[in-house]
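J.: After the structure tokens below, expect a handful of questions from me.
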Ligand SMILES: C[S@@+](CC[C@H](N)C(=O)[O-])C[C@H]1O[C@@H](n2cnc3c(N)ncnc32)[C@H](O)[C@@H]1O
């Protein structure tokens with residue numbers, strides 16, 4: 010009997026006091042992050058905004074195309090003087106919001122849909138499970154897993170991202186938590202871990218569409234994800250807790266993530282679908298990424 014077809018589920022990010030998608034429309038989103046209000050491009054929001062222009066005009070900063078150069082991704086424009094970083098809280102975990110190039114703000118708010126889930130898995134396991142976070146960026150999920158009791162290995166190719174992650178660790182008051190911050194290429198690192206016979210109970214992957222390792226190693230999601238996942242299988246312990254895969258690459262489908270996890274990680278319970286932010290003004294869902302979760 011073939012397995013039933015996967016039914017996509019939507020993970021909805023809402024109800025977070027320090028991050029609110031206030032409104033969206035005309036290709037933009039209006040967001041409140043702690044005390045900072047920003048406007049960023051949002052191609053999915055082809056509809057009309059619900060809030061007044063005056064509300065949008067109250068934004069402290071907006072990201073838009075660079076008028077002087079069509080080449081780069083754009084830049085931030087500020088309406089008032091703002092610090093480069095400011096604290097944001099998720100439940101009682103504090104980390105930094107920050108203005109970065111490429112319109113990002115130091116964390117991906119829709120990832121909150123994974124945070125409680127991971128914390129829950131780690132807490133229930135209760136025996137200091139080992140969690141590997143590949144492409145971990147500024148490390149919010151690494152901090153959440155460590156605080157729940159995991160021993161975390163966080164890997165990213167960007168020195169800046171690791172520096173920001175360590176700053177987040179200090180702000181969160183988790184300076185003594187068992188987290189290894191590793192600056193490396195994800196593929197090289199996992200191949201080395203497989204050779205060493207290392208094992209992890211939980212693996213989190215959030216690969217970009219295209220990236221580079223610290224020595225210029227090329228990462229292309231369509232080319233390299235299958236092999237990376239089969240190496241994840243090799244380092245998954247014989248008492249696994251989870252494998253979480255998210256993707257922001259257009260042209261991918263949740264069904265592809267589902268089939269990849271099934272092929273490379275093995276039979277288990279696999280959930281897949283979209284991740285969306287719920288907008289407050291009109292309750293509309295703004296889809297930002299795809300996810301698939303494997304549990305034994
Ligand atoms: C989409 S972000 C991850 C977001 C993060 N999971 C979060 O929710 O905060 C992608 C990350 O992959 C890293 N990266 C890109 N190429 C890489 C490579 N070859 N090896 C390891 N990390 C890489 C980037 O530096 C970036 O921090």
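Numbering (our numbering), first residue to last: 10 to 305.
Ideal Cβ positions, reconstructed from N, Cα and C, are used throughout, including at glycine.
Note that the structure is a prediction, hence the values are computed from the model and not measured.
#1: So for residue 173, helix, strand or coil by DSSP?
#2: What residues does ligand 3 have around it, judged by CB closer than 5 Å to any heavy atom, in chain order?
#3: Quick one: give me the first and last residue of the beta strand (DSSP E) that residue 41 is part of.
#4: One question on the structure: do residue 68 and residue 87 come within less than 7 Å of each other, judged by their Cβ atoms?
#5: According to DSSP, residue 124 sits in a beta bridge with which residue or residues?
#6: Can you give, in chain order, each stretch of the beta strand (DSSP E) that sits fully within the segment 188-275 and has at least 3 residues?
#7: Buried or exposed, going by whether 16 or more other CB atoms sit within 10 Å of the CB of residue 182?
#8: Of the choices 18, 19 and 40, whose alpha-carbon is the least far from that of residue 290?
#9: Using CA atoms only, rank isn't needed, just tell me which of 196, 298 and 117 is closest to residue 224.
#10: Whole angstroms is fine: what's the gap from residue 95's alpha carbon to residue 106's?
#11: Taking just the CA atoms, how far does residue 45 sit from residue 200?
#12: Excluding the 5 residues preceding and the 5 following residue 161 in the sequence, name in chain order all residues of the same chain whose CB lies nearer than 6 Å to its CB.
T.: Inspection of the coordinates gives the following:
#1: helix
#2: Ligand 3 is absent from the structure shown, which contains only ligand 1.
#3: 37-42
#4: no
#5: Answer by DSSP bridge pairing: none, since residue 124 is not bridged.
#6: 188-192, 211-214, 219-221, 227-229 and 251-256
#7: exposed
#8: 40
#9: 196
#10: 5 Å
#11: 41 Å
#12: 140, 151, 154, 155 and 188
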